[in-house]
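Student:
In the numbering used here, the protein residues as written are 1 to 432.
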């Protein structure tokens, strides 16, 4: 929605001219309006619907355990269908309500993908490759954002903006077709279905060293407690225990800082509203810049992934937040001073800072900062905090931009980054 947003909501110049041109298009012949006027609050709601959908997906899959009861493959297929329906809803929308529903559906699909797909990948991956593939999940998200920006260069205009979402629906369709022939997680089959023969058959098709298959499957069974072991194990940690008991306070606060910081640092202000912000304050081609920013994000993530274990989490987080706070201050100053070149450079340094630490590390660090008994509830709490913070950014940035200006928004993000930086320095003594 970043690039085509202004064309969807009639917020562009020469509207009357483009209306005349639009009358000759196939969209007009089928009765689809060129755009729908929207207030700042309505624009914020369109963006926030995506993040609300992500939170709903977390509640449905995580709290109610649907991801475990229905399997990884089925969840992935359902998310593909939801992506396709959501994109087609936006592409064929005639009013803002339909766009909101489409955004909600794509948000639900994105939330489901973020929850189920990384688990599926890790359960299919040999132990010696899990660290690399786990760290590449954020890279895959960055590549997806980059692809959307590249498509927008060609189709984000008053006539063709609907094609952006037709393309998204096509990608979802291709993914759904490919998933039909994919394999289910053998670990899920063993633990939740007790289907040892099928799990063994799948493992034989994806492991080069077949003699280790029985050992790997046995380790899954041993890790899953049976009825006799449950009697001597302590009761599982509940969300209430995790939030209220003193012994979990340090873990809870660490997870809260990391997962809210990932969103409140301001990266999604550029992801969601970068085009509209830069259009107001820069003279260069904004679509090329936002595409370059997405490419910068993907490239830095690719370069930093092999270095995470060598450099350590805490040093990378400190460097990340320091660079982002300085970059946000520079952006606020350059917007006030109308220095568009410095605005562009500050955006690149801001994205680079995000990509070296606070972007890829928080979810990876949850298992490292929590005990075996609390890791599950910590993941759920962290994900919920992350989506709630995401909703705040999605809804409040356009309102802040309207009433206080873009420079005030980035000054606020600079202050937030400094607060998180000082917090990490204070509480991160036990972090790796």
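We put the CB at the ideal spot given by N, CA and C, even for glycine.
Only counting the same chain, and skipping five residues up and downstream in sequence, which positions put a Cβ closer than 7 angstroms to that of residue 198?
Tutor: Counting only Cβ-Cβ distances below 7 angstroms, and skipping sequence neighbours, we find 189.
Student: Tell me whether residue 313 is buried or exposed, calling it buried when 16 or more other Cβ atoms sit within 10 Å of its Cβ.
Tutor: Buried, because 16 or more other Cβ atoms sit within 10 Å of the Cβ of residue 313.
Student: In whole angstroms, what separates the C-alpha of residue 360 from that of residue 34?
Tutor: About 38 angstroms.
Student: Quick check: what's the CA-CA separation for residue 270 versus residue 219?
Tutor: Straight-line Cα distance between these residues: approximately 44 angstroms.
Student: Below 6 angstroms CB to CB, which residues in the same chain sit around residue 229 once its five sequence neighbours on both sides are set aside?
Tutor: Any reading at residue 229 needs caution, since the residue's pLDDT is 40, under 50, leaving its predicted position unreliable; the model's value is listed next. Answer for residue 229: no residue qualifies.
Student: Hey, how far is the Cα of residue 329 from the Cα of residue 411?
Tutor: Computed Cα separation, rounded: 6 angstroms.
Student: Between 310, 9 and 140, which has its C-alpha nearest residue 39's C-alpha?
Tutor: Among 310, 9 and 140, the Cα nearest to that of residue 39 is on 9.
Student: Taking C-beta to C-beta, are residue 156 and residue 287 nearer than 8 angstroms?
Tutor: A contact, by the Cβ cut-off of 8 angstroms.
Student: Using 8 angstroms as the cut-off, can you tell me whether the region 401-421 makes contact with the region 300-309, which would need three or more C-beta pairs spanning the two stretches below that distance?
Tutor: Taking 8 angstroms as the limit for Cβ pairs, the verdict is that the region 300-309 does not touch the region 401-421.
Student: For residue 383 and residue 374, what's the separation of their Cα atoms in angstroms?
Tutor: Spanning the two alpha carbons is a distance of roughly 14 angstroms.
Student: Just how far apart, CA to CA, sit residue 366 and residue 379?
Tutor: Rounded to the nearest angstrom, the two C-alpha atoms are 7 angstroms apart.
Student: Please list, in chain order, all residues of the same chain as residue 336 whose beta carbon is under 6 angstroms from its beta carbon, the five residues on each side excluded.
Tutor: Same-chain partners within the cutoff: 407.
Student: Does DSSP put residue 348 in a helix, in a strand, or in coil?
Tutor: DSSP places residue 348 in helix when its eight states are reduced to three.
Student: Starting from the C-beta of residue 98, find all residues in its chain whose C-beta is less than 6 angstroms away, skip the five residues before and the five after it, and write them out in chain order.
Tutor: Excluding sequence neighbours, residue 98 sits near 89.
Student: Express the C-alpha separation of residue 240 and residue 266 in angstroms, rounding to a whole number.
Tutor: Spanning the two alpha carbons is a distance of roughly 30 angstroms.
Student: By the 10 Å Cβ neighbour count, where 16 or more other Cβ atoms means buried, how is residue 434 classified, buried or exposed?
Tutor: Absent from the model: residue 434. The displayed extent of the chain is 1 to 432, so no value can be given.
Student: If contacts are defined as beta-carbon pairs under 8 angstroms, then residue 47 and residue 394 qualify, I think. What distance do you get, rounded to the angstrom?
Tutor: Between residue 394 and residue 47 the Cβ distance is about 4 angstroms, and since that is below 8 angstroms, they are a contact.
Student: Once you ignore the five residues that flank residue 146 on each side, which residues in its own chain have a CB closer than 6 angstroms to its CB?
Tutor: For residue 146, where only same-chain residues beyond five positions count, the Cβ hits under 6 angstroms are 294, 295 and 298.
Student: At a cut-off of 7 angstroms, would you count residue 192 as near the ligand NAD, judging by its Cβ distance to the nearest heavy atom?
Tutor: Among the components of this structure there are no ligands whatsoever, and the ligand NAD is therefore not found.
Student: Please name the residue, chosen from 327, 120, 87 and 242, that lies closest to residue 106 on a Cα-to-Cα basis.
Tutor: Cα-wise, what sits closest to residue 106 is 87.
Student: Write down the C-beta distance between residue 36 and residue 95 rounded to the nearest angstrom, noting that I regard them as a contact closer than 8 angstroms.
Tutor: Rounded, the Cβ-Cβ distance is 6 angstroms, consistent with contact.
Student: Shortest alpha-carbon distance to residue 150 belongs to which of 381, 291, 364 and 302?
Tutor: It is 291 whose Cα lies nearest to the Cα of residue 150.
Student: Could you give the residue range of the alpha helix (DSSP H) that holds residue 338?
Tutor: No alpha helix (DSSP H) contains residue 338, which DSSP labels as neither H nor E.
Student: For residue 173, collect the residues of the same chain with a Cβ closer than 7 angstroms to its Cβ; drop the 5 residues on either side in sequence, then sort them by chain order.
Tutor: For residue 173, where only same-chain residues beyond five positions count, the Cβ hits under 7 angstroms are 84.
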